[in-house]
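Asker: Residue numbers (this note's numbering): 16 to 246. The beta carbon of each residue, even a glycine, is placed where N, CA and C say it ideally should be. I'd like to ask you about the structure that follows.
Right, here's the structure in full:
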């Protein structure tokens with residue numbers, strides 16, 4: 016049977032090992048609980064989604080016209096492009112933008128003015144435009160996006176940023192500095208320093224088990240000390 020001194024030694028040793036991580040859990044947990052998740056996700060930055068209205072009389076080219084020109088296509092979608100209505104066509108494992116007005120093939124990438132126009136149409140914040148940059152390597156906060164991507168930044172709380180599809184101008188993601196803090200704290204909280212997704216990683220399981228043992232040993236010590244206290 017482990018003595019009181021042995022229990023105290025185990026308790027103190029475990030506190031040295033997991034004490035800092037327990038403090039990190041408390042700090043990061045408080046931040047994540049206190050912050051509104053919709054704010055973190057940037058919902059306040061985006062105007063309510065409205066279906067783009069494309070006037071029927073502006074669509075001069077029909078899908079059949081495109082298919083007869085290109086041959087078999089995987090998919091086709093009509094969308095509101097900054098240069099006018101256009102079809103996004105998947106053909107031979109490649110995405111093409113074809114004007115629905117005159118049938119010409121549009122550039123694969125929006126220019127800066129078009130990207131800004133598309134961003135302003137979606138932005139709902141109070142800030143003003145700072146920069147618009149076409150990125151060939153997305154930053155870590157949107158590393159999952161296939162480049163190139165337009166990053167349009169604004170002034171305001173948290174320095175909001177919109178990320179747009181470089182070909183169509185459609186919104187892919189929105190980020191701000193409070194999201195970056197949340198993402199960092201989430202990584203520290205779940206102790207997944209690689210993908211920041213795996214809440215069942217061995218490091219977290221070991222730390223949680225040691226913290227539990229430390230807490231239980233503290234309870235045992237408290238119970239023993241109370242029993243020894245004279246009445």
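Sort 34, 59, 235, 53 by Cα distance to residue 171 and report the nearest one.
Answerer: In the chain shown, the residue the question calls residue 171 occupies position 156. Nearest of 34, 59, 235, 53 to residue 171, Cα basis: 59.
Asker: Helix, strand or coil, according to DSSP, for residue 99 in the structure here?
Answerer: Here residue 99 refers to the residue found at position 84 of the chain shown. DSSP places residue 99 in strand when its eight states are reduced to three.
Asker: Could you give the C-beta distance for residue 150 and residue 167, rounded to a whole number, given that I count them as a contact under 8 Å?
Answerer: Your numbering for residue 150 matches position 135 in the chain shown. Your numbering for residue 167 matches position 152 in the chain shown. Between residue 167 and residue 150 the Cβ distance is about 11 Å, and since that is not below 8 Å, they are no contact.
Asker: Can you tell me where the alpha helix (DSSP H) with residue 168 in it begins and where it stops?
Answerer: As a working note, residue 168 is residue 153 in the chain shown. Taken as a continuous stretch (DSSP letters only), residue 168 belongs to no alpha helix (DSSP H), being part of the beta strand (DSSP E) at 164 to 169.
Asker: Any chance you could list the beta strand (DSSP E) runs of at least 3 consecutive residues sitting entirely within the stretch 136 to 196, in chain order?
Answerer: Fully enclosed beta strand (DSSP E) runs of 3 or longer: 144 to 150, 164 to 169, 176 to 180, 186 to 190.
Asker: With respect to the alpha helix (DSSP H) encompassing residue 112, which residues constitute its N-terminal and C-terminal limits?
Answerer: To locate residue 112, count along the chain shown from 1; it is residue 97. Premise fails: residue 112 lies in the beta strand (DSSP E), 109 to 114, not in any alpha helix (DSSP H).
Asker: Check the DSSP bridge columns for residue 106 and list the partner residues they point to.
Answerer: Working through the chain shown from its first residue, we reach residue 106 at position 91. Bridge partners of residue 106: 109.
Asker: Any idea what DSSP makes of residue 92, helix, strand or coil?
Answerer: Residue mapping note: residue 92 aligns to position 77 of the chain shown, counting from 1. Reduced to three states, the DSSP call for residue 92 is strand.
Asker: So, residue 116 versus residue 75, is the Cβ gap smaller than 9 Å?
Answerer: Residue mapping note: residue 116 aligns to position 101 of the chain shown, counting from 1. Residue mapping note: residue 75 aligns to position 60 of the chain shown, counting from 1. The answer is yes: Cβ separation under 9 Å.
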